[in-house]
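Let me begin by presenting the structure, written as structure tokens, before commenting on it.
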Amino acid sequence: MTGAVATPETTIVADRRGDGLRGGLLIFMAAFGQFLGVVHTFSIGTFLGPIARDTGWSSAGILGTLTIVGVIVFFLSPLIGIIVDRVGSRLVGLWGLGLFAAALAALSLASGSIWSWWAASILVGVAALVTKPTVWAAGVVTRFTRYRGIALSLALCGSSFASALWPLVSHQLIEALGWRGAYRLLALVFAIGALPFFWLAFRPGRPPSTVAAPVGRKPLLSPDVRALLMTGRFVRLGAAACLVTGATTASVVNFVPLLGSKGIDSGEAASIAVFIGIASLVGRVSTGFLLDRVEGRIVGPISFIVPVIGCVALLARDQLSAVEAAVAALAFGFSLGAELDVIAYLISRYFGSRNFATFFGVFAGLMLLFTGLGPQATALIHDMTGSFNLALHAMILAFVGAAALVASLGRYPEEPAADAPGAAA
């Protein structure tokens, strides 16, 4: 194409596997970024009790922080995806970590009216925009093709470790420093530890493009991308992502309070929650391995049905044993590990890798919206009924619905329209 230049957003290589140490470092840094970016989501369940006792705020009101974050990300996430496609993951991720340090510090200052907590949550939402999986996954998707499933699963393992470690870490910090001191220490770690480390080590690079883009002003979205956003397949996958994310996050965020309602004290519940992280890691890696070998419309539904086992275990009795609670933790953890892998991989296979961050940005917005709505709705049901049982029944319906929607997607297209020559956004 005459008078054209290669650009980051048009990057695609026929069979890019990553090059040894560089590819491994990229995956590690993406996983670490994912680990840091979900600190608020996976620690809020542990902070919930201490904040409520200190301030007198309701559980639903405190968990409104997740809804605020979800709404912000829902509306602005597609724009961040477009920015990542154009300027790369590194710049966006560095800004995000800096903002997250400020956001965690702001949460520690909330007092008096719950409006101060919600105001601080707005800053958390802005920070979440630029530390969400879109940022970390985009560099991996454009570098890996043949082994994309396992590369994505390893890159997204950060949230698996986060689900295991953040409840325990936050519990210890709260015991030692109080909830305000815990947030301040986490903010300090982000500012003087994580941010410099990422500035030095997170360099995903920009592999050369095989498709040139015309010089000059380009539309925000190409006609092919806009067309894919309106397809029934896109809508079905989006609905499945919302259902499974809302139900999974509701079960994980409320896991400690949920076990408390079943006769297990908070310390033991936090220890049992470690199984969520272990199962999440297993679910993530095994799902990534299978996605490289079996179609996602088969792997996805199976993965989404597993957490139904956890719901049934929690509904079985009013007083749970540690073993029954661990079974629920393992089932929820497996889904937590599998869901994002399945959605991210299916996006790349059905809609292409060239504009992956744009497409994933739309999905991430939807998923983070339901990351807030699911836990808050669950807490609200508990506040109104005094039990989590109704919420658990709703989770079962959501998991089954998500599985059915993914099963209906059909075979992968031979060449996604967004990856076809001339389809750059």
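FYI, in the working numbering the residues of the sequence shown are 1054 to 1478. A virtual CB, placed ideally from N, CA and C, is assigned to each residue, including glycine.
Here alanine 1293 has Ala1455, Leu1458, Val1459 as same chain residues with Cβ atoms under 7 Å from its own Cβ, once five neighbours each way along the sequence are excluded. Here proline 1354 is buried: its Cβ has 16 or more other Cβ atoms, across all protein chains shown, within 10 Å. As the crow flies, the alpha-carbon of leucine 1101 is around 11 Å from that of threonine 1118. With a beta-carbon spacing of about 18 Å, phenylalanine 1342 and glycine 1211 fall beyond the 8 Å limit used to define contacts.
Pairing serine 1096 with tryptophan 1171 gives a Cβ-Cβ distance that is not under 8 Å.
Listed in chain order, the non-local C-beta contacts of valine 1179 below 7 Å within the same chain comprise Ile1125, Leu1152, local neighbours out to five positions each way being set aside.
Burial check for aspartate 1107: the Cβ neighbour count within 10 Å stays below 16, so the residue is exposed. For isoleucine 1097, the enclosing alpha helix (DSSP H) starts and ends at 1092-1108. Per DSSP, alanine 1444 is one residue of the alpha helix (DSSP H) stretching across 1442-1460. In the structure shown, alanine 1163 falls within a coil segment according to DSSP collapsed to helix, strand and coil.
Shown here, valine 1359 sits in coil according to DSSP, grouped into three states, outside any helix or strand. C-alpha of threonine 1120 to C-alpha of valine 1091: approximately 14 Å in a straight line. Pairing glycine 1349 with alanine 1217 gives a Cβ-Cβ distance that is not under 8 Å.
Per DSSP, the unbroken alpha helix (DSSP H) holding proline 1220 starts and ends at 1211-1242. Using a C-beta cut-off of 8 Å, the stretch 1123-1138 makes no contact with the stretch 1153-1162, since fewer than three inter-stretch Cβ pairs fall below that distance. Rounded to whole angstroms, threonine 1424 and arginine 1143 show a C-alpha spacing of 25 Å. In the three-state reduction of the DSSP assignment, glutamate 1467 falls in the coil class, being assigned neither a helical nor a strand state.
The beta carbons of glycine 1427 and alanine 1300 sit about 6 Å from each other, so the pair counts as a contact at 8 Å.
A direct Cα-Cα distance of roughly 13 Å separates leucine 1176 from tryptophan 1168.
Judged by DSSP in its simplified three-state form, leucine 1116 adopts coil rather than helix or strand. With a cutoff of 8 Å on beta-carbon distance, valine 1194 and valine 1145 are scored as not near each other. Between the stretch 1412-1422 and the stretch 1372-1383, the count of C-beta pairs closer than 8 Å stays below three; the two stretches do not touch.
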